[in-house]
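The block underneath contains the structure these notes are about, expressed in structure tokens.
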Amino acid sequence: MLTILFAARPDRWDAYEAPLNRAIAATGLTDFRVVTKAAPEEVDYIVYAPNSDVQDFSIFPNLKAILNLWAGVETIVGNSTITVPLCRMVDTGLREGMREWVTGHVLRHHLGMDAQIKGTPGLWEPRIPPLARNRAVAILGLGELGTACAETLLALGFTVTGWSRSPKSIPGVNCFHGEDGLTECLATAEIVVLLLPNTPATENTLNARTLAAMPRGAFVINPGRGPLIDDDALLAALDDGQIAHATLDVFRVEPLPADHPYWHHPQVTVTPHIASETRPETAAEVIAENIRRSESGEPLLHLVDRSAGY
Ligand SMILES: NC(=O)c1ccc[n+]([C@@H]2O[C@H](COP(=O)([O-])OP(=O)(O)OC[C@H]3O[C@@H](n4cnc5c(N)ncnc54)[C@H](OP(=O)(O)O)[C@@H]3O)[C@@H](O)[C@H]2O)c1
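Mapping the sequence shown onto the working numbering, position 15 (from 1) lands on -3, and the numbers just tick up by one.
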């Protein structure tokens, strides 16, 4: 009997119990159980959220893989007790949610919606926005989520540039990579979307120098991770007008502390890490497929490269 330990916050079990059982049964596996408690030596797989109580994996002698429920793995990737494959979450629900959140916030800034939403009653002041084709959006991070957002923005007509670690070729997207590539990518970016993972190499990707490399009055949208931005440099760029507005979903400390200047800054929109959420129905299918693959000796999907940190 395969034992699959669900190690996440207790309130997640209600959402995942039925979808996981359904999805694993649908792969043809019959002799399995999904549980929230088991003797460590019985555990074959761990379905994992990094904020669970399980932090020491050395107690599971027969563990075959850890199947992460989150896309971001920065808080688990360095765990030295892990000796088995670690897979991250790539979920169609996560992808769709991120596409919607990013497109919504890009359109807000592109169309200048705040002028009407926060506008003065009685003030009739037509301001015609450019067409999307005349608006450059840069996406930093061209992985699962960045590519999905780039494709949606392209379909709306935006001029899209992108930046990744390795060279990429995405039809319609002007792709850059490496350190010089970042400055080139930012040089035309009126709206920048950060969808990089949090690794030592991506910390402070937006800093005083790179913010200054963007056109004056640009917008920053960060649904990636808080440490991608040097907060002091962003606040200075906002105060100076170099950056017109920042929409931030993720922060170095979450929840964002009550006294953080972002809360009250007139040119900052704070959203509480809601850009996109793993969806139990579709995520369960990804997990079930990886268990099936592992049991039949096939390569696992979405393996984390632990040396690269994502
Ligand atoms: N706010 C939310 O609700 C939420 C939800 C889900 C995910 N996220 C965040 O979104 C991030 C991206 O997710 P994903 O699934 O798209 O990840 P992914 O598929 O691993 O893509 C990461 C992208 O970042 C690039 N990258 C990594 N290190 C880099 C570096 N040093 N320089 C330049 N580019 C670099 C990668 O380049 P290569 O293509 O060359 O590897 C890749 O294109 C996650 O790590 C997570 O932090 C946030």
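Built from N, CA and C at the ideal position, the CB exists for glycine as well.
Quick caveat, the model's predicted, so the values are computed rather than measured.
With distances taken between CB atoms, is the gap from residue i to residue j smaller than 8 Å?
| i | j | result |
| --- | --- | --- |
| residue 118 | residue 194 | no |
| residue 157 | residue 124 | yes |
| residue 227 | residue 91 | yes |
| residue 88 | residue 68 | no |
| residue 180 | residue 207 | yes |
| residue 63 | residue 40 | yes |
| residue 70 | residue 286 | yes |
| residue 217 | residue 247 | yes |
| residue 268 | residue 73 | yes |
| residue 264 | residue 229 | no |
| residue 81 | residue 134 | yes |
| residue 272 | residue 11 | no |
Cα-Cα, which of the options is closest to residue i?
| i | options | result |
| --- | --- | --- |
| residue 277 | -6, 4, 13 and 147 | 13 |
| residue 283 | 241, 94 and 47 | 47 |
| residue 37 | 54, 59, 7 and 23 | 59 |
| residue -10 | 19, 139, 8 and 93 | 19 |
| residue 322 | 273, 249 and 262 | The chain is shown only over -17 to 292; residue 322 falls outside these bounds and no answer can be derived. |
| residue 83 | 255, 21 and 62 | 255 |
| residue 178 | 42, 81, 126 and 272 | 126 |
| residue 261 | 23, -17, 8 and 52 | 52 |
| residue -8 | 246, 201 and 31 | 31 |
| residue 214 | 201, 242 and 105 | 242 |
| residue 188 | 225, 128, 133 and 98 | 225 |
| residue 27 | -12, 7, -5 and 65 | -12 |
| residue 152 | 162, 136, 164 and 163 | 136 |
| residue 197 | 212, 210, 204 and 219 | 219 |
| residue 161 | 183, 244, 289 and 140 | 183 |
| residue 244 | 288, 289 and 204 | 204 |
How many whole angstroms separate the CB atoms of residue i and residue j, which I take to be in contact at a CB cut-off of 8 Å?
| i | j | result |
| --- | --- | --- |
| residue 77 | residue 130 | 5 Å |
| residue 5 | residue 270 | 4 Å |
| residue 25 | residue 45 | 6 Å |
| residue 109 | residue 94 | 6 Å |
Report all residues from its chain with a CB closer than 8 Å to the CB of residue i; omit the five preceding and five following residues, and keep chain order.
| i | result |
| --- | --- |
| residue 259 | 75, 76 and 79 |
| residue 120 | 142, 143, 144, 145, 167, 168, 170, 171, 173, 174 and 175 |
| residue 22 | 41, 42 and 43 |
| residue -17 | 13, 14 and 15 |
Taking 6 Å as the limit between beta carbons, can you name the residues of its chain near residue i, skipping five residues before and five after?
| i | result |
| --- | --- |
| residue 149 | 159 |
| residue 2 | 16 and 266 |
| residue 253 | 231 |
| residue 138 | 114 |
| residue 9 | 270 and 274 |
| residue 291 | 59 and 181 |
| residue 122 | 145, 176 and 178 |
| residue 7 | none |
Between residue i and the rest of its own chain, which residues show a CB-CB distance below 7 Å, the 5 nearest in sequence each way excluded?
| i | result |
| --- | --- |
| residue 111 | 92, 93 and 94 |
Inset, instruction - Only counting runs of 3 or more residues, tell me where the beta strand (DSSP E) segments fall wholly within the stretch 86 to 133, in order along the chain. - result: Runs found: 118 to 122.
Legend entry - Secondary structure, alpha helix (DSSP H): runs of 4+ residues fully inside the stretch 202 to 242: Counting only runs of 4 or more residues that sit fully inside the stretch 202 to 242, the alpha helix (DSSP H) segments are 213 to 222, in chain order.
Inset, instruction - May I have a chain-ordered list of the alpha helix (DSSP H) segments no shorter than 4 residues that lie completely inside the stretch 237 to 278? - result: Inside the stretch 237 to 278, DSSP marks whole alpha helix (DSSP H) runs of 4 or more residues at positions 243 to 246 and 262 to 277, from first to last along the chain.
Inset, instruction - With a floor of 4 residues, list each alpha helix (DSSP H) that falls wholly inside the stretch 0 to 51, ordered by position along the chain. - result: none
Inset, instruction - Mind listing, in chain order, the continuous beta strand (DSSP E) runs of no fewer than 3 residues lying wholly within the stretch 122 to 187? - result: 141 to 146, 156 to 159 and 173 to 176
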